[in-house]
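Numbering-wise, the UniProt record's numbering puts 86 at position 86 of the sequence shown, and it's gapless, one number per residue. Here a beta-carbon is modelled for each residue, glycine too, at the ideal position from N, C-alpha and C. Here the structure comes first, spelled out in structure tokens, and everything after it is commentary.
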Amino acid sequence: MTGSAAKSTAKSPKKGETATLGATGRPYRGFATPPALDSHGPARIIALCNQKGGVGKTTTTINLAAALAEYGRRVLTIDFDPQGALSAGLGIDTHDMPTIYDLLLDTKRDPQDVIVQTSVPGLDIMPANIDLSAAEVHLVNEVARETILSRVLRKVAGDYDVILIDCQPSLGLLTVNALTASHGVLIPLECEFFALRGVALLIETIDKVRDRLNPSITLDGVVATMYDPRTLHSREVLERVVDAFGDDVLETVIGRTVKFPDASVAGVPITEFAPEHPAAQAYLRLARELVARGAVA
Ligand SMILES: Nc1ncnc2c1ncn2[C@@H]1O[C@H](COP(=O)(O)OP(=O)(O)OP(=O)(O)O)[C@@H](O)[C@H]1O
Ligand SMILES: [Mg+2]
Numbered sequence: 001m002t003g004s005a006a007k008s009t010a011k012s013p014k015k016g017e018t019a020t021l022g023a024t025g026r027p028y029r030g031f032a033t034p035p036a037l038d039s040h041g042p043a044r045i046i047a048l049c050n051q052k053g054g055v056g057k058t059t060t061t062i063n064l065a066a067a068l069a070e071y072g073r074r075v076l077t078i079d080f081d082p083q084g085a086l087s088a089g090l091g092i093d094t095h096d097m098p099t100i101y102d103l104l105l106d107t108k109r110d111p112q113d114v115i116v117q118t119s120v121p122g123l124d125i126m127p128a129n130i131d132l133s134a135a136e137v138h139l140v141n142e143v144a145r146e147t148i149l150s151r152v153l154r155k156v157a158g159d160y161d162v163i164l165i166d167c168q169p170s171l172g173l174l175t176v177n178a179l180t181a182s183h184g185v186l187i188p189l190e191c192e193f194f195a196l197r198g199v200a201l202l203i204e205t206i207d208k209v210r211d212r213l214n215p216s217i218t219l220d221g222v223v224a225t226m227y228d229p230r231t232l233h234s235r236e237v238l239e240r241v242v243d244a245f246g247d248d249v250l251e252t253v254i255g256r257t258v259k260f261p262d263a264s265v266a267g268v269p270i271t272e273f274a275p276e277h278p279a280a281q282a283y284l285r286l287a288r289e290l291v292a293r294g295a296v297a
């Protein structure tokens, strides 16, 4: 940690400055409400990826997806973690139903058999359950095993404006499939101890996928999550993240609040659970920022 206490308070406007600075130290911008789309698709596909566990991948997938749907985008989310947290967080009971695993095993199968509508208009999901944990073993001997998800998503991309893939906390074959299928990657980073630990390996994995499998994949941004502006620690971690990634750190920072676990238990996005809460507003702003950056239509 290089930031001194003095440096880490640099996010408030300096003497004589009128602009309010956002948490990442850049002037605060609200981002315009995205214009309605006249037509839909083909989707831009974005993987939410970080092999560190519990950093906010699933929470960001759910709430960013709901925010984009609220702006009239057609959104498909992919639960690509055998824990099925995305499915549960969107209120889907995956017991005894076809899942993404079935599509990976049989790429001739119609993806519509697996897609489920959520309670949020415009937001669909391909759910997963623990069956997906067998996928890596099953797929390891397949021809073109890294491109299986890509082939599945190609069939449905025309129906959506954006597809968000919630990756599991590993850099194994499933995550490589997600990166191979994606146009962009979003990296959620928790503003906590060791936030940057392992990120070099993640970037190396993305670089390898770009070299060997998916030349056009881009880093769409780093999303700082669970930020608590009251703690020096949180501010210092964010400062280090900005030092490491510069303008790739999205200006929208997600604060730490118990509303997220509460919303997950209720099985709905925070934009439905507590629409006026600052955390819901933060995900709406994140959606607007990604549209403004061109990462989403
Ligand atoms: N901004 C936040 N404030 C407080 N709690 C949060 C926030 N974001 C996520 N959480 C909580 O932290 C836990 C981990 O979040 P989440 O499941 O989104 O992370 P993840 O990266 O998907 O985890 P995993 O690697 O296990 O898939 C969950 O209990 C979630 O409700
Ligand atoms: Mg998760």
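Identity of the residue in the options nearest residue i by Cα
i, options, result
"Asp262", "Arg197, His277, Val152 and Leu174", "His277"
"Gln281", "Val296, Ile254 and Ala297", "Ile254"
"Thr252", "Arg240, Pro269 and Leu284", "Leu284"
"His95", "Val114, Arg235 and Ile45", "Val114"
"Val120", "Ile100, Ala69, Pro127 and Ala144", "Ala69"
"Thr147", "Asn50, Ala178 and Ala266", "Ala178"
"Gln117", "Asp131, Glu136, Thr77 and Glu142", "Thr77"
"Phe31", "Val291, Ala295, Ala297 and Leu196", "Val291"
"Pro169", "Pro27, Leu37 and Cys49", "Cys49"
"Glu272", "Pro27, Gln112, Gly41 and Leu123", "Leu123"
"Leu232", "Gly267, Phe193, Leu90 and Gly221", "Phe193"
Secondary structure of residue i, DSSP reduced to three states
i, result
"Tyr71", "coil"
"Pro111", "helix"
"Asp207", "helix"
"Ala292", "helix"
"Ile125", "strand"
"Ala297", "coil"
"Leu104", "helix"
"Ile78", "strand"
"Thr231", "coil"
C-alpha gap between residue i and residue j, whole angstroms
i, j, result
"Ala274", "Val140", "43 Å"
"Val258", "Ser264", "10 Å"
"Ser133", "Leu174", "9 Å"
"Met226", "Pro188", "10 Å"
"Asn129", "Leu219", "28 Å"
"Pro34", "Ala88", "29 Å"
"Ser150", "Pro82", "18 Å"
"Asp38", "Val137", "43 Å"
"Leu238", "Asp228", "10 Å"
"Arg109", "Ile165", "20 Å"
"Asn214", "Val296", "19 Å"
"Tyr28", "Leu186", "21 Å"
"Gln51", "Ile203", "11 Å"
Near ligand 3: residue i beta-carbon under 7 Å from a heavy atom
i, result
"Lys208", "Ligand 3 is not part of the structure shown, which contains ligand 1 and ligand 2 as its ligands."
To test your reading of the DSSP string, which unbroken alpha helix (DSSP H) runs of 4 or more residues are found completely within the stretch 244 to 283? Considered as a whole, the stretch 244 to 283 harbours 259 to 266 and 270 to 273 as its complete alpha helix (DSSP H) runs of no fewer than 4 residues, in chain order.
Give the list of continuous alpha helix (DSSP H) stretches no shorter than 4 residues that lie fully inside the stretch 139 to 178. Counting whole runs of 4 or more residues, the stretch 139 to 178 contains the alpha helix (DSSP H) stretches 148 to 154.
Those runs of the beta strand (DSSP E) which lie wholly inside the stretch 34 to 66 and span at least 3 residues: Fully enclosed beta strand (DSSP E) runs of 3 or longer: 44 to 48.
Using only Cβ atoms and a threshold of 5 Å, which residues come within that distance of a heavy atom of ligand 2? Order them by chain position. In chain order, the qualifying residues are Lys57, Thr58 and Ala85.
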